[in-house]
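There are 2 protein chains.
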Amino acid sequence: MTELKALLFDTFGTVVDWRGSLIADFTQWAQGKNVMGDWVALVDAWRGAYKPSMDAVRKNPERGFLTLDELQRQSIEPLAASLGIKGLTAKDYDYLTSGWHRLDPWPDSVPGLTRLKTKFIIGPLSNGNVGLLVDLAKHSGLPWDVIMSAELFRHYKPDPETYLGSAKLLGLAPAQVMLVAAHNDDLAAAQKVGLKTCFVPRVTEYGPHQVHDFKADGDWDYVVRDIVDLAGQLGC
Amino acid sequence: MTELKALLFDTFGTVVDWRGSLIADFTQWAQGKNVMGDWVALVDAWRGAYKPSMDAVRKNPERGFLTLDELQRQSIEPLAASLGIKGLTAKDYDYLTSGWHRLDPWPDSVPGLTRLKTKFIIGPLSNGNVGLLVDLAKHSGLPWDVIMSAELFRHYKPDPETYLGSAKLLGLAPAQVMLVAAHNDDLAAAQKVGLKTCFVPRVTEYGPHQVHDFKADGDWDYVVRDIVDLAGQLGC
Numbered sequence: 518m519t520e521l522k523a524l525l526f527d528t529f530g531t532v533v534d535w536r537g538s539l540i541a542d543f544t545q546w547a548q549g550k551n552v553m554g555d556w557v558a559l560v561d562a563w564r565g566a567y568k569p570s571m572d573a574v575r576k577n578p579e580r581g582f583l584t585l586d587e588l589q590r591q592s593i594e595p596l597a598a599s600l601g602i603k604g605l606t607a608k609d610y611d612y613l614t615s616g617w618h619r620l621d622p623w624p625d626s627v628p629g630l631t632r633l634k635t636k637f638i639i640g641p642l643s644n645g646n647v648g649l650l651v652d653l654a655k656h657s658g659l660p661w662d663v664i665m666s667a668e669l670f671r672h673y674k675p676d677p678e679t680y681l682g683s684a685k686l687l688g689l690a691p692a693q694v695m696l697v698a699a700h701n702d703d704l705a706a707a708q709k710v711g712l713k714t715c716f717v718p719r720v721t722e723y724g725p726h727q728v729h730d731f732k733a734d735g736d737w738d739y740v741v742r743d744i745v746d747l748a749g750q751l752g753c
Numbered sequence: 518m519t520e521l522k523a524l525l526f527d528t529f530g531t532v533v534d535w536r537g538s539l540i541a542d543f544t545q546w547a548q549g550k551n552v553m554g555d556w557v558a559l560v561d562a563w564r565g566a567y568k569p570s571m572d573a574v575r576k577n578p579e580r581g582f583l584t585l586d587e588l589q590r591q592s593i594e595p596l597a598a599s600l601g602i603k604g605l606t607a608k609d610y611d612y613l614t615s616g617w618h619r620l621d622p623w624p625d626s627v628p629g630l631t632r633l634k635t636k637f638i639i640g641p642l643s644n645g646n647v648g649l650l651v652d653l654a655k656h657s658g659l660p661w662d663v664i665m666s667a668e669l670f671r672h673y674k675p676d677p678e679t680y681l682g683s684a685k686l687l688g689l690a691p692a693q694v695m696l697v698a699a700h701n702d703d704l705a706a707a708q709k710v711g712l713k714t715c716f717v718p719r720v721t722e723y724g725p726h727q728v729h730d731f732k733a734d735g736d737w738d739y740v741v742r743d744i745v746d747l748a749g750q751l752g753c
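Heads up: the sequence lines are chains A and B, in that order. Per this note's numbering, residue 518 is the first one in the first sequence, and the count goes up by one each step. Per this note's numbering, residue 518 is the first one in the second sequence, and the count goes up by one each step.
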């Protein structure tokens, strides 16, 4: 009964390179529009606002659940202002927010997932909303079998509802599902409620600002070099 | 804003041949077990219990939402008894119920969906639960981008929550989503809440018991011969 059946992947940072993709996307867009701005600083500040914005949803349930697209759209406008980026319209901010739908995968992601899909159910388990994750898969050719999103559970990771809710929707016991992530805190929360765990290091995720997750710091079931290595270790 | 972005497919009957698949599956299984029974009659009676069992969920919300797997498991045991099928264990009934996870596609389904996926988001929109639909896709090679299931909305089709909830999760307006179905009543309910509609005839779905849905009987946006024909009409 505890045979591994499904692999769920943290997505931002683990499967796709959000920082490199957003910086490249915004730099190119700004050149076309002749808008000046420190896009590297904006992307880093934006990511800094990511966890606090989800915490606010968690702590204020009376506001209702807001999707990641909604949270990102709310946070970018004041961040751009604080960085002296001027003259952007509402449509421009919508475009920048939709950058999270156009992130590129790490080089091993698509080859590794394609091999894993032959033997396992594969899907994201991400704080991104469903539409974002579907667009991302179309953009990058991620061959998911199913889309698991915080939006389905109206809870953000690391709330237990996300991990347990995903197993339940698949009709599986928690131990038949493994979370694959580049973030030790995500794995700790999944392990606590009975999922199997796999750490994959992404040591350039935060660029020069990376301060943690250089290596596994828990007792995870698998520690792999990358997703292709995981496919090899699982016999795919 | 009303450019078509996503195609959602009714699944049982429209994409997969539930009747032919279940009859073949049960007949082969019974030969291996040396169990006697009229499997054709059982499959037809079981399908007869399908809509009433979902209506019971709709009319008795205090019971909570039961998945299609749960409803089918409840209904098969008394139906088998009424047909004089004897000696089956709980595990046998579990196996027969899981037959809905092993249905085969109509011959045009996979080639048509593969072409449509190049241009559109494609997914089931089915009363089957998420785990069932994922297993079905793995079994038959259905190349879905996303799984839309009654289970996500805790409402069965034709309740409007299913059609509108699917569009909302995709971040799309209802008119950017088209339901493809072999059942006129499903299309009528989708059209009523603003989705586009496509009828595909499956005139052998119910075998000799087919009494309706031989042809389109509403003002649908598309009427096609099969899913490959739809791909051609949509320029895929």
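Even for Gly, the Cβ is constructed at its ideal location relative to N, Cα and C. Predicted model only: the values in this text are computed from it and were never measured.
Q | Contained alpha helix (DSSP H) runs [length at least 4] in the region 594-655 of chain B, N- to C-terminal order | A | 607-614 and 626-633
Q. For chain B, is any of its Cβ atoms less than 8 Å away from the one on arginine 651(A)?
A. Note that residue 651(A) is valine in the sequence shown, not arginine. Interface residue, yes.
Q) Does the Cβ of alanine 692(B) lie closer than 7 Å to at least one heavy atom of the ligand ATP? A) Here there are no bound small molecules, and the ligand ATP is not part of this structure.
Q. Do tyrosine 680(A) and cysteine 715(A) come within 8 Å of each other at the CB atom, strictly closer than that value?
A. no
Q. Touching or not, the region 614-628 of chain B and the region 520-532 of chain B, by the rule of three or more beta carbon pairs under 8 Å?
A. yes
**Q.** Close beta carbons around phenylalanine 731(A), own chain, < 6 Å, minus the five adjacent residues each side
**A.** Hits under 6 Å: Val720.
Q: Would you tell me roughly how many angstroms separate the C-alpha atoms of leucine 559(B) and tyrosine 610(A), rounded to the nearest one?
A: 58 Å
Q) What does aspartate 662(A) touch in chain B if you count any residue whose Cβ is under 9 Å from its own? A) Val651, Ala654, Lys655, Trp661 and Ile664
Q. Residues of chain A with a CB under 9 Å from the CB of glutamate 668(B): which are they?
A. Those are Leu686, listed as they occur along chain A.
(Q) Against chain B, which members of the region 629-647 of chain A pass a CB distance test of less than 8 Å? (A) Ile638, Asn646 and Val647
Q: Answer yes if the region 654-666 of chain A comes into contact with the region 654-663 of chain B, meaning at least three C-beta pairs across the two stretches below 8 Å, and no otherwise.
A: yes
Q) Three or more beta-carbon pairs under 8 Å between the region 670-689 of chain B and the region 633-645 of chain B, yes or no? A) yes
Q.
Under DSSP, the alpha helix (DSSP H) around phenylalanine 670(B) begins and ends at which residues?
A. 667-670
Q: With DSSP as the reference, label phenylalanine 543(B) as helix, strand or coil.
A: Phenylalanine 543(B) falls in the helix class under three-state DSSP.
**Q.** Spatially closest choice to aspartate 652(B) from Asp621(A), Ile602(A), Arg575(A) and Lys636(A), by CA coordinates
**A.** Lys636(A)
Q | Cα-Cα separation, valine 717(B) to arginine 575(A) | A | 45 Å
Q: Mark valine 728(A) as exposed unless 16 or more other C-beta atoms lie within 10 angstroms of its C-beta, in which case mark it buried.
A: Around the beta-carbon of valine 728(A), fewer than 16 other beta-carbon atoms lie within 10 Å, marking it exposed.
Q. For leucine 704(A) versus glycine 735(A), is the C-beta distance shorter than 8 Å?
A. yes
Q. Where in the region 661-703 of chain B do unbroken runs of the beta strand (DSSP E), each at least 3 residues long, occur, reported from the N-terminal end onward?
A. 694-698
Q: Please go through the same chain and pick out, in chain order, the residues whose beta-carbon is closer than 6 Å to the beta-carbon of lysine 603(B), but skip the five residues on each side of it.
A: Cβ neighbours of lysine 603(B) beyond the five flanking positions: none.
Q | chain B within 8 Å of glycine 537(A), Cβ atoms only | A | no
Q. What does DSSP give as the partner residues of leucine 559(B) in its beta bridges?
A. The partner list for leucine 559(B) (beta bridge, DSSP) is empty, contrary to what the question assumes.
(Q) Between the region 543-558 of chain A and the region 572-587 of chain A, can you find at least three pairs of beta-carbon atoms closer than 8 Å? (A) no
Q | For glycine 537(B), the nearest candidate out of Leu620(B), Ala607(B), Gln548(B) and Leu613(B) (CA to CA) | A | Leu620(B)
Q: Taking all protein chains shown into account, decide if glutamine 693(A) is buried (16 or more other Cβ within 10 angstroms of its Cβ) or exposed.
A: buried
Q | The alpha helix (DSSP H) enclosing leucine 525(A), as first and last residue numbers | A | Segment 523-526 is the beta strand (DSSP E) holding leucine 525(A); no alpha helix (DSSP H) there.
Q) According to the neighbour-count rule (16 or more other Cβ atoms, all chains shown, within 10 Å of its Cβ), is alanine 523(B) buried or exposed? A) buried
**Q.** Identified DSSP bridge partners for tyrosine 739(B)
**A.** Cys715(B)
(Q) For tyrosine 723(B), tell me which candidate among Ala698(B), Ala573(B) and Arg564(B) has the shortest Cα-Cα distance. (A) Arg564(B)
Q) Going by alpha carbons, who is nearest to serine 657(B) out of Leu521(B), Thr528(B) and Thr519(B)? A) Thr528(B)
Q.
At the level of alpha carbons, what is the spacing between leucine 585(B) and proline 595(B)?
A. One C-alpha to the other measures close to 17 Å.
Q) Which stretch, first to last residue, makes up the alpha helix (DSSP H) that contains alanine 748(B)? A) 744-750
Q.
Alpha carbons only, please: which of Met695(A), Lys709(A), Leu539(A) and Ser615(A) is nearest the one belonging to threonine 519(A)?
A. In this structure, Met695(A) is the residue among Met695(A), Lys709(A), Leu539(A) and Ser615(A) with its C-alpha nearest to the C-alpha of threonine 519(A).
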